[in-house]
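Have a look at the structure below, then the notes.
Protein chains in written order, with our numbering: chain F, 193 to 485; chain R, 551 to 685.
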């Protein structure tokens, strides 16, 4: 078995060498060095260097994500440790298409219902959805009354025009969410996690949502004014924000590193590389000792 | 013990002839010993700034330098490192000396523009070397 093992080792080293050769960042990678040869993490980084023309991101989306980045990481890119949530990935999608379904009605404060289609091809199989939010913003030119109460109806459907071949009964789901539009607020977030969870989990790549708003003046704030309607066209087409937990080895698992630090600080003699099971035991151990204390 | 203690004490204290800084040099780390070095790069140098929006500058740091013979606790090196050093010195110099490599890393948050125009915030593990060791 010796010679075969040595052959296997030789084969592995030649492949690694070829991988290492293409690994060097400085040589221009031409088409032949396809990412298949590259170590996974560089492949992830390399993907961005694809010659395929890159679609320009939505400027509002870019502004929102830069603000999110500043909240989550330092200038040098170090994740801020004051965050306790589990997601290590946040993706922001702009709707690929938007069809107006029905005209709005200023008297009742109903916004024109719109059909939105989001393509989630960039969400990988190892990214698990934790939370999803529809983001609305205002175009600041229009002034809004001080406080308004809105009801939003979201209906998800099978994107029929994607399943021309398969007869698909329109499966729809109505979802109400009360939200307060306040003058000073720049963004409105509508939590659609329960709506999208089954779709994202079943790896649906195209999410088709139709949204319509009905808004009334908030009586509590302005009892004098009647149910006056107003123009809500400032609500620009929404963005879809997904908070995900990337379970791959390359992603940073804060909860693991925080837990691991706690375990090693509590019992420094703990062997490195706890198996998942014994890690769980260690956690239980820590909890019970804390209770005892 | 020939001279009574009093005469020794009376001896004027001559200024020490040796150089203090020279004396302490033996305790300093050798100049090129294995340690962490900075390398600040910006993604625009790699021409990646059209898809990596943030951070603008990134310091992955790296380990460089000689591994001392007695690595011991200072580098957290296993005993194997000293064994390898002995083999290199006494038995077969084709076996490489222990190398100065990263022992610990920290993550990096990256904001990227995806090919489809969507925007992704991701936190990658092991992107910045934070501690060196000899192995």
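The beta-carbon is built from N, C-alpha and C at its ideal position, and this holds for glycine as well.
Cβ of residue i within 8 Å of any chain R Cβ
i              : result
residue 270(F) : yes
residue 283(F) : yes
residue 246(F) : yes
residue 254(F) : yes
residue 439(F) : no
residue 443(F) : yes
residue 260(F) : yes
residue 561(F) : One cannot answer for residue 561(F) here, as it falls past the ends of chain F, which runs 193 to 485.
residue 396(F) : no
residue 267(F) : yes
Residue i versus residue j - alpha carbon distance
i              : j              : result
residue 398(F) : residue 586(R) : 47 Å
residue 436(F) : residue 590(R) : 30 Å
residue 408(F) : residue 342(F) : 6 Å
residue 584(R) : residue 617(R) : 6 Å
residue 406(F) : residue 610(R) : 51 Å
residue 638(R) : residue 629(R) : 14 Å
residue 261(F) : residue 582(R) : 38 Å
residue 318(F) : residue 439(F) : 5 Å
residue 612(R) : residue 310(F) : 42 Å
residue 305(F) : residue 328(F) : 14 Å
residue 678(R) : residue 595(R) : 18 Å
residue 635(R) : residue 625(R) : 14 Å
residue 692(R) : residue 313(F) : Past the boundaries of the shown model lies residue 692(R); chain R is included only from 551 to 685, so the question cannot be answered.
residue 378(F) : residue 252(F) : 11 Å
residue 736(R) : residue 394(F) : Here chain R comprises residues numbered 551 to 685, so residue 736(R) is not present and cannot be evaluated.
residue 316(F) : residue 396(F) : 11 Å
residue 382(F) : residue 346(F) : 10 Å
residue 348(F) : residue 390(F) : 11 Å
residue 259(F) : residue 607(R) : 17 Å
residue 401(F) : residue 588(R) : 49 Å
residue 344(F) : residue 655(R) : 46 Å
residue 222(F) : residue 573(R) : For residue 222(F), the predicted structure reports a pLDDT of 43, less than 50, and the residue's modelled location is therefore unreliable. A value from the coordinates is still provided. Cα-Cα distance, rounded: 57 Å.
residue 230(F) : residue 326(F) : Per-residue confidence for residue 230(F) stands at a pLDDT of 41, beneath the threshold of 50, marking its modelled position as unreliable; no derived number is given.
residue 571(R) : residue 670(R) : 54 Å
residue 614(R) : residue 597(R) : 26 Å
residue 640(R) : residue 627(R) : 20 Å
DSSP-derived helix/strand/coil call for residue i
i              : result
residue 282(F) : strand
residue 604(R) : strand
residue 574(R) : helix
residue 444(F) : coil
residue 390(F) : helix
residue 635(R) : helix
residue 644(R) : coil
residue 318(F) : coil
residue 436(F) : strand
residue 385(F) : helix
residue 378(F) : coil
residue 669(R) : strand
residue 587(R) : strand
residue 630(R) : helix
residue 251(F) : helix
residue 258(F) : helix
Residue i at chain F interface by Cβ criterion, 8 Å
i              : result
residue 605(R) : yes
residue 633(R) : no
residue 657(R) : yes
residue 667(R) : yes
residue 629(R) : no
residue 664(R) : yes
residue 661(R) : yes
residue 600(R) : yes
residue 672(R) : yes
residue 612(R) : no
residue 625(R) : no
residue 675(R) : yes
residue 608(R) : yes
Sequence-distant residues of the same chain with beta carbon closer than 6 Å to residue i, five excluded per side
i              : result
residue 324(F) : 384, 385, 388, 434
residue 672(R) : 660
residue 593(R) : 599, 602
Proximity below 8 Å, CB of residue i to CB of residue j
i              : j              : result
residue 486(F) : residue 308(F) : The requested residue 486(F) does not occur in the structure, where chain F is confined to residues 193 to 485.
residue 446(F) : residue 280(F) : yes
residue 254(F) : residue 322(F) : no
residue 682(R) : residue 646(R) : no
residue 267(F) : residue 605(R) : yes
residue 665(R) : residue 246(F) : yes
8 Å CB neighbourhood of residue i in its chain, flanking five on each side removed
i              : result
residue 600(R) : 663
residue 250(F) : 286, 431
residue 649(R) : 617, 684, 685
residue 288(F) : 309, 310, 311
Contact set for residue i: own chain, Cβ-Cβ below 7 Å, skip 5 residues either direction
i              : result
residue 353(F) : In this prediction, residue 353(F) has a pLDDT of 47, which is less than 50 and means its spatial position is unreliable; what the coordinates show is noted afterwards. Around residue 353(F): no qualifying Cβ.
Min CB distance residue i to chain A below 8 Å
i              : result
residue 328(F) : In the structure shown, chain A cannot be found, because the protein chains are F and R.
Distance cut-off 7 Å: residue i Cβ against heavy atoms of the ligand HEM
i              : result
residue 653(R) : Among the components modelled here there is no ligand, and therefore nothing to report on the ligand HEM.
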